[in-house]
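These notes concern the structure reproduced below.
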Amino acid sequence: MGSERVKTERVIMLADGQSFYASVEKAGRPDLKNKPVAVGDPSRRSGIILAACPIAKSRGITTAERVGEALAKCPDLVVIRPRMQTYIAVSLLITEIFESFTDQVEPYSIDEQFLDVTGSIPYFGPPEEIARQIQTRVLLSTGVWTRCGIGPSKILAKMATDNFAKKKPEGIFKLDAANIETELWQLPVHQMFMTASRMTRHFKRMGLHQIGDIARLDLGDFKRRMRQEMGKQSDIQAEYYWQTARGIDPSPVVAGIRGRLKSVSHGKALRSSLYRSLEDIEVVLLELVVEVCRRCRRWGYIGRVVTVGAVETDGRRTASFSRQMTLPEATSLSHEVAAAARHIFRKYWRGMSLSRLHVSLTDLTDPGGVQLTLFDDRIKAYRLEQAADLIKDRYGSDAIVSASSLLESGVARERAGQIGGHYK
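Note that full-length UniProt numbering has the sequence shown beginning at 1, numbered continuously upward.
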């Protein structure tokens, strides 16, 4: 008689680096070990706090608050300018440590990663033991303390980390069928993953105050309640939240960061007092287009749909728009995308000062052959832009810039020294 195959329950972890940016900074500065530290721009009191160490948090410092407000609460707070390239390098080192335990590692953010350790248990021991080994290795290598949530699905591992592991001294918590009712279902509904304030209000009006109030309902009953509260189009949301409350999530841990891109975009927050004229705004618009097209060429894409989005203000009211145009041919040539972007912006801009500008290229395809035109030498244009790309890759993004970027309104040279809007 043939033996039956028993399906092994998955064991998934969500590993989270505590106060990641601040922990990296304190690891490199032993003199700051017992001091409150936050990461932000100390030269801009109106800037925001990106991360705060546990000591700073105990003094009332929170992420996303203004640097000036944080210093008012805690005058001895040490504010350190962010070093994004360093944080990325440390994050990649942590990924390598995780990969020494399993080849199934999926980055979720710079400081959070999913690990499927189902096949690692025979080699490294029970899940809690694997988590302890990971904590030790990461701490010794980087100075970052790691919290690990464990569960049979990604959604349970995430909620185990956020709601339990982060609050325990050992930084480890397992959430599964054995304790989901006694632990997770007792929590307020706003602590369920992806439940923001608006959805929380909906649930409370429905009389659903705890996660278990949703989980214990029959799916059909929950859908009917959601329709009464939110309308006929809420069935998909109902199924998502019902499954989340029960920890149902069949999605696998996928090694790597991303699959095929659907869009390439670039945006910039602007000081509205400086960007009031079309001439100044179009300098930034061109810079954004150049970077979008450069990224497309680097990743091997061309696109047909150009989108421009903007937020404008007159100091009292704010307006925004996002409009797109389909090009005759897919492209990653800066001058072709820029012509469309300028047309869109001039058509929909209301004339107020700009606080944000955004450009994207979508409907992406592989380059293939270059479509020739009667009056433009597109092959020559691509060769010129590719040559400029090589120079920028070798010597930096500001090695070659448009002449307009040398104007006071240009931001390309400043952005060359940043990653994600923060200094490298």
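Here a beta-carbon is modelled for each residue, glycine too, at the ideal position from N, C-alpha and C.
**Message:** Just to confirm the assignment, what range does the beta strand (DSSP E) spanning E69 have?
**Reply:** Per DSSP, E69 belongs to no beta strand (DSSP E); it is in the alpha helix (DSSP H), V67 to K73.
**Beta-carbon proximity of V308 to L285, cut-off 9 angstroms** = For V308 and L285, yes; Cβs fall inside 9 angstroms.
**Request:** Could you tell me if M194 is buried or exposed, where buried requires 16 or more neighbouring beta carbons within 10 angstroms of its beta carbon?
**Result:** With fewer than 16 other Cβ atoms within 10 Å, it is exposed.
**Request:** Identify which residue in I134, D249, A310 and V289 has its Cα closest to the Cα of R271.
**Result:** For the residues I134, D249, A310 and V289, the minimum Cα distance to R271 belongs to A310.
**Cβ-Cβ distance between E79 and V138 below 9 angstroms** = Per the sequence presented here, residue 79 reads as Val, with Glu not at that position. No, they are not a contact pair.
**Item:** Rounded distance between the beta-carbons of V305 and T326, thought under 8 angstroms
**Value:** The Cβ separation is near 5 angstroms, so the contact holds.
**Message:** Along the chain, where does the alpha helix (DSSP H) containing R294 start, and where does it finish?
**Reply:** Where R294 is concerned, the enclosing alpha helix (DSSP H) starts and stops at L278 to W299.
**Item:** Nearest residue (CA-CA) to I97, options D363, T142, E181 and V11
**Value:** The option with the nearest alpha carbon to I97 is T142.
**Prompt:** Mapping DSSP to helix, strand and coil, what is G207?
**Reply:** Here G207 sits in coil by DSSP.
**Item:** N- and C-terminal bounds of the alpha helix (DSSP H) containing A27
**Value:** From DSSP, the alpha helix (DSSP H) with A27 extends over F20 to A27.
**Item:** Burial state of N163 (16 or more Cβ within 10 Å)
**Value:** The residue in question, N163, is buried, as its Cβ has 16 or more Cβ neighbours within 10 Å.
**Message:** Using a Cβ distance threshold of 8 angstroms, determine whether the segment 58-77 contacts the segment 86-97, with at least three qualifying pairs required.
**Reply:** Segments in contact, no.
**Asked** Enumerated in chain order, which unbroken segments of the alpha helix (DSSP H) with a length of 4 residues or greater are wholly contained in the segment 302-365?
**Response** Complete alpha helix (DSSP H) runs here, min 4: 334-348.
**Prompt:** Taking the alpha carbon of G119 as the point to measure from, which residue in A341, K268, R356 and T8 has its own alpha carbon closest?
**Reply:** Comparing Cα-Cα distances from G119 to each of A341, K268, R356 and T8, the minimum goes to T8.
**Request:** Compute the distance between the beta-carbons of R246 and L354, then report whether it is under 9 angstroms.
**Result:** No; because the gap between Cβ atoms is not below 9 angstroms, this pair is not in contact.
**Asked** What number of angstroms, rounded off, separates the C-alpha of G2 from the C-alpha of D116?
**Response** Reliability fails at G2, whose pLDDT of 40 lies under 50, so the model's placement of it is uncertain and no value is given.
**Message:** Taking contact to mean 3 or more Cβ pairs, one atom from each stretch, closer than 8 angstroms, check whether the segment 12-19 and the segment 145-154 are in contact.
**Reply:** Short answer: they touch.
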